[in-house]
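Asks: Numbering-wise, our numbering comes out as the position in the sequence shown, counting from 1, plus 97. Where a beta carbon is used, it is the ideal one built from N, C-alpha and C, also for glycine. All values reported here derive from a predicted model rather than from experimental measurement. Below are the structure tokens for one structure; questions will follow.
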Amino acid sequence: MTMIADKLQQVRQRLDAACAACGRRPSDVALLAVSKTFGPEAVAAAFAAGQRAFGENYVQEALDKIAALAHLDIEWHCIGPLQSNKTRPVAESFQWVHSVDRLKIAQRLSEQRPDGLPPLNVCIQVNMDGGANKSGVPMADALALARATAALPRLRLRGIMSIPEPVDDMALQLAVHRRTRALFDELAAALGGQAPGWDTLSMGMSADMEAAVQAGSTLVRVGTAIFGGRPTAN
Ligand SMILES: *Cc1c(COP(=O)(O)O)cnc(C)c1O
Numbered sequence: 098m099t100m101i102a103d104k105l106q107q108v109r110q111r112l113d114a115a116c117a118a119c120g121r122r123p124s125d126v127a128l129l130a131v132s133k134t135f136g137p138e139a140v141a142a143a144f145a146a147g148q149r150a151f152g153e154n155y156v157q158e159a160l161d162k163i164a165a166l167a168h169l170d171i172e173w174h175c176i177g178p179l180q181s182n183k184t185r186p187v188a189e190s191f192q193w194v195h196s197v198d199r200l201k202i203a204q205r206l207s208e209q210r211p212d213g214l215p216p217l218n219v220c221i222q223v224n225m226d227g228g229a230n231k232s233g234v235p236m237a238d239a240l241a242l243a244r245a246t247a248a249l250p251r252l253r254l255r256g257i258m259s260i261p262e263p264v265d266d267m268a269l270q271l272a273v274h275r276r277t278r279a280l281f282d283e284l285a286a287a288l289g290g291q292a293p294g295w296d297t298l299s300m301g302m303s304a305d306m307e308a309a310v311q312a313g314s315t316l317v318r319v320g321t322a323i324f325g326g327r328p329t330a331n
């Protein structure tokens, strides 16, 4: 497991270098370690190396890990597509959801968030490049969804999340990330006091974290570069 500590260190160095290259402070870019498909021992190894926030895509897999690691002070983020029949355990066991893409999901999360817990932090997932079979609300509908979500009592709207189509070329990565940054700023201006917690632009993964940082990401979600390759789903 020392390999995970080494890779985590390399990712932090990549982020520091990306921040230095564009004059941002490393403390302004949070690192979410995406541990989907990896077991609790991998999460524990990253935790031992100082990582506190972990992202998961599959609800049942995540619940098993959360239970196995309940003794560690981990902040759990749900970043995968959510079906409405899975919202309850997510509202009960996670601190964040990045993948709110319709009002019904936001309403259920708010209704099902237990009273004894602080409000659930949420981001609106936006589909920035129009991929037809992708999750995410179209740009044109993002403001209406953000307004309605911000009004729900047990949620705290923090910002937006994007998963652009993977491309190798950094200029192309930058172009879509800059459009997402612009949308983030436009929504902030339009929402004003309606979303006092608005501070999170969740964008950038293993292959494009430098472009995301340059475009203004405040949270990168990194899996492969920390934990290694995943078996490809079919
Ligand atoms: C899997 C996943 C990631 C991490 O991707 P890597 O390329 O492995 O860094 C980030 N965000 C979401 C939403 C994911 O599903």
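According to DSSP, which residues form a beta bridge with L217?
Replies: DSSP lists L252 as partners of L217.
Asks: Check whether the Cβ atoms of R255 and V310 lie closer than 9 Å to each other.
Replies: No, the pair does not count as a contact, with Cβ atoms beyond the cut-off.
Asks: Assuming F151 is part of the beta strand (DSSP E), what are its boundary residues?
Replies: A150 to E153 is the extent of the beta strand (DSSP E) around F151.
Asks: Tell me whether K133 counts as near ligand 1, meaning its Cβ is closer than 8 Å to at least one heavy atom of that ligand.
Replies: Correct: K133 has its Cβ closer than 8 Å to ligand 1.
Asks: Going by the DSSP bridge assignment, what does L316 pair with across the sheet?
Replies: Paired residue(s): A127 and S299.
Asks: Would you say G177 touches ligand 2, meaning its beta carbon is less than 8 Å from a heavy atom?
Replies: Among the ligands in the structure shown, ligand 2 does not appear; only ligand 1 can be found there.
Asks: Using only the alpha-carbon positions, how far apart do D170 and A130 sit?
Replies: Cα to Cα, the separation comes out at about 14 Å.
Asks: Hey, could you find the ends of the alpha helix (DSSP H) S196 is sitting in?
Replies: First-last for S196: W193 to V197, but that is the beta strand (DSSP E), not the alpha helix (DSSP H).
Asks: Tell me whether the stretch 271-287 and the stretch 245-252 touch, counting them as touching only if at least three CB pairs, one residue from each stretch, are closer than 8 Å.
Replies: The answer is no - the stretch 245-252 does not touch the stretch 271-287, with fewer than three Cβ pairs under 8 Å.
Asks: Going straight from the alpha carbon of P235 to that of I163, what length do you get?
Replies: Using only the alpha carbons, I get a separation of about 32 Å.
Asks: Taking all protein chains shown into account, decide if S181 is buried (16 or more other Cβ within 10 angstroms of its Cβ) or exposed.
Replies: Under this definition S181 is an exposed residue.
Asks: Is N224 near ligand 1, judged by its Cβ being under 8 Å from some heavy atom?
Replies: No, Cβ of N224 sits at least 8 Å from all heavy atoms of ligand 1.
Asks: Should G256 be counted as a contact of ligand 1 given a C-beta to heavy atom distance under 8 Å?
Replies: Outside the cutoff, so no.
Asks: Just to confirm the assignment, what range does the beta strand (DSSP E) spanning E262 have?
Replies: Where E262 is concerned, there is no enclosing beta strand (DSSP E), given that its DSSP letter is neither H nor E.
Asks: Specify, as a first and last residue, the run of the alpha helix (DSSP H) that H274 falls within.
Replies: Counting along the chain, the alpha helix (DSSP H) containing H274 begins and ends at M267 to L288.
Asks: Near L200, what residues of its chain come up, given a Cβ to Cβ distance below 8 Å and the 5 sequence neighbours on each side ignored?
Replies: Taken in chain order, the residues that qualify are L242, A245 and T246.
Asks: Got a sec, what are the start and stop residues for the beta strand (DSSP E) H174 sits in?
Replies: That run of the beta strand (DSSP E) goes E172 to C175.
Asks: Is any heavy atom of ligand 1 found at a distance shorter than 8 Å from the C-beta of H168?
Replies: False, no ligand heavy atom lies under 8 Å from that Cβ.
Asks: Can you list, in chain order, the residues of its chain whose CB lies under 8 Å from that of T329, leaving out five sequence neighbours each side?
Replies: Once the five neighbours on either side are set aside, T329 has no close Cβ partner at all.
Asks: Can you tell me the Cα-Cα spacing of F191 and G294, whole angstroms?
Replies: Computed Cα separation, rounded: 18 Å.
Asks: Specify the secondary structure class of P137 as computed by DSSP and reduced to three states.
Replies: Three-state result, P137: helix.
Asks: Report yes if the C-beta distance between R210 and A188 is below 9 Å; otherwise report no.
Replies: In this structure, A188 lies closer than 9 Å to R210 by Cβ.
Asks: Would you say the beta carbon of H274 is closer than 8 Å to some non-hydrogen atom of ligand 1?
Replies: Not so, every heavy atom of ligand 1 lies at least 8 Å from the Cβ.
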